[in-house]
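Numbering of the sequence shown is given in our numbering, commencing with residue 3 and proceeding in unit increments.
No residue lacks a Cβ here, since even glycine has one placed at the ideal position from N, Cα and C.
Note that the structure is a prediction, hence the values are computed from the model and not measured.
The structure appears right after this line, and notes come after that.
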Amino acid sequence: MNKYRVILFDLDGTLCDTDEMIVQTMFKIYETYKPAKVRTREELYYFSGPPLIEMMKNEFPNNKPEEMCRVFREISKELYAPYVKTFANEIDILKSLKEKGYLLGVVTNKGYPLTKHSLEICHIQDLFDVVISSDDVDSPKPNPAGVWLAMEKLNIQNKSDVLYVGDNDIDYLTAENAGVDAMLVSWGPREIKLLNKAKYVASSYNEMKGILL
Numbered sequence: 003m004n005k006y007r008v009i010l011f012d013l014d015g016t017l018c019d020t021d022e023m024i025v026q027t028m029f030k031i032y033e034t035y036k037p038a039k040v041r042t043r044e045e046l047y048y049f050s051g052p053p054l055i056e057m058m059k060n061e062f063p064n065n066k067p068e069e070m071c072r073v074f075r076e077i078s079k080e081l082y083a084p085y086v087k088t089f090a091n092e093i094d095i096l097k098s099l100k101e102k103g104y105l106l107g108v109v110t111n112k113g114y115p116l117t118k119h120s121l122e123i124c125h126i127q128d129l130f131d132v133v134i135s136s137d138d139v140d141s142p143k144p145n146p147a148g149v150w151l152a153m154e155k156l157n158i159q160n161k162s163d164v165l166y167v168g169d170n171d172i173d174y175l176t177a178e179n180a181g182v183d184a185m186l187v188s189w190g191p192r193e194i195k196l197l198n199k200a201k202y203v204a205s206s207y208n209e210m211k212g213i214l215l
């Protein structure tokens with residue numbers, strides 16, 4: 003019997019490998035808006051996770067953050083096809099989880115249009131029973147609103163029935179704030195300071211399968 007009824011996933015870095023897309027997008031933005039500022043690839047990896055508008059406020063304080071978010075979305079959309087992909091064995095394992103009776107969902111800080119685009123590029127859009135983007139809640143992760151909204155839409159009352167899977171500290175804090183168990187995936191390029199606090203750690207989708215199936 004499954005320990006959980008629902009598995010909710012973060013998007014970037016967990017379901018979709020978007021790191022190179024984000025890096026290439028930011029390189030192009032810096033060339034235009036801040037050519038004197040040089041960010042390393044390693045620094046840019048940490049731009050995956052926090053809300054986009056917060057990142058733009060910090061990186062481009064002299065520009066309107068809403069405008070910079072628009073620029074990011076325009077540039078990045080052309081880079082999804084060549085760079086965004088799933089992780090090894092991911093699709094087969096997601097299908098196996100569904101076959102075993104798990105309800106699957108997405109809770110992300112990304113807006114809905116690019117969330118939808120990401121899932122479609124990766125050919126996994128039909129595998130999820132609920133998708134919660136930043137457009138659906140008033141406060142982004144680590145606020146637990148997205149997890150709770152997903153539970154409401156799936157008619158799940160017990161927090162013990164839910165596992166949240168992510169790839170960074172914000173995802174762990176989201177699960178903690180929501181009162182659900184956390185699985186952190188360790189395959190990304192970012193250091194996860196709270197890795198050892200998670201209920202489970204998976205270094206690959208195969209390892210995730212071993213834990214959940």
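Residues bridged to F89 [DSSP beta-bridge criterion]: Here residue 89 refers to the residue found at position 87 of the sequence shown. Beta-bridge pairing links F89 to no other residue.
Separation of S98 from L54, as counted between CA atoms: For the purposes of this step, residue 54 is taken as the residue at position 52 of the sequence shown. For the purposes of this step, residue 98 is taken as the residue at position 96 of the sequence shown. Between L54 and S98, the C-alpha separation is close to 32 Å.
CB-CB length for Y120 against V86, believed under 8 Å: Locating residue 120 in the sequence shown gives position 118, where the first residue counts as 1. Locating residue 86 in the sequence shown gives position 84, where the first residue counts as 1. Strictly speaking, residue 120 in this sequence is Ser, with Tyr absent from that position. About 6 Å separates the two Cβ atoms, so the contact holds.
Nearest residue (CA-CA) to N198, options L215, L175, K211: Here the question's residue 198 lines up with position 196 in the sequence shown. When only C-alpha atoms are compared, the closest one is L175.
Under the three-state DSSP convention, the category D12 falls into: Taking the sequence shown and counting its residues from 1, one reaches residue 12 at position 10. Of the three classes helix, strand and coil, the one that applies to D12 here is coil, per DSSP.
Three-state secondary structure (DSSP) of A177: Within the sequence shown, the letter at position 175 stands for residue 177. Note: A177 maps to helix in three-state DSSP.
Run of the alpha helix (DSSP H) containing Y166, from where it starts to where it stops: In the sequence shown, the residue the question calls residue 166 occupies position 164. That residue, Y166, is in no alpha helix (DSSP H); its beta strand (DSSP E) goes 164–168.
Cβ-Cβ distance between S135 and Y114 below 7 Å: By one-based count along the sequence shown, residue 135 stands at place 133. By one-based count along the sequence shown, residue 114 stands at place 112. Yes. Within cutoff.
Reference E101; option with closest CA among K79, R75, E68, L129: Sequence index remark: in the sequence shown, residue 101 carries index 99 (1-based). Closest in C-alpha terms to E101, from the list K79, R75, E68, L129, comes L129.
First and last residue of the uninterrupted alpha helix (DSSP H) at I134: Here residue 134 corresponds to residue number 132 of the sequence shown, with the count starting at 1. Not the alpha helix (DSSP H): I134 falls in the beta strand (DSSP E), residues 132–134.
I126 versus D19, N170, R7, N4, residue with shortest Cα-Cα distance: Taking the first residue of the sequence shown as position 1, residue 126 is located at position 124. With distances taken between Cα atoms, I126 lies closest to D19.
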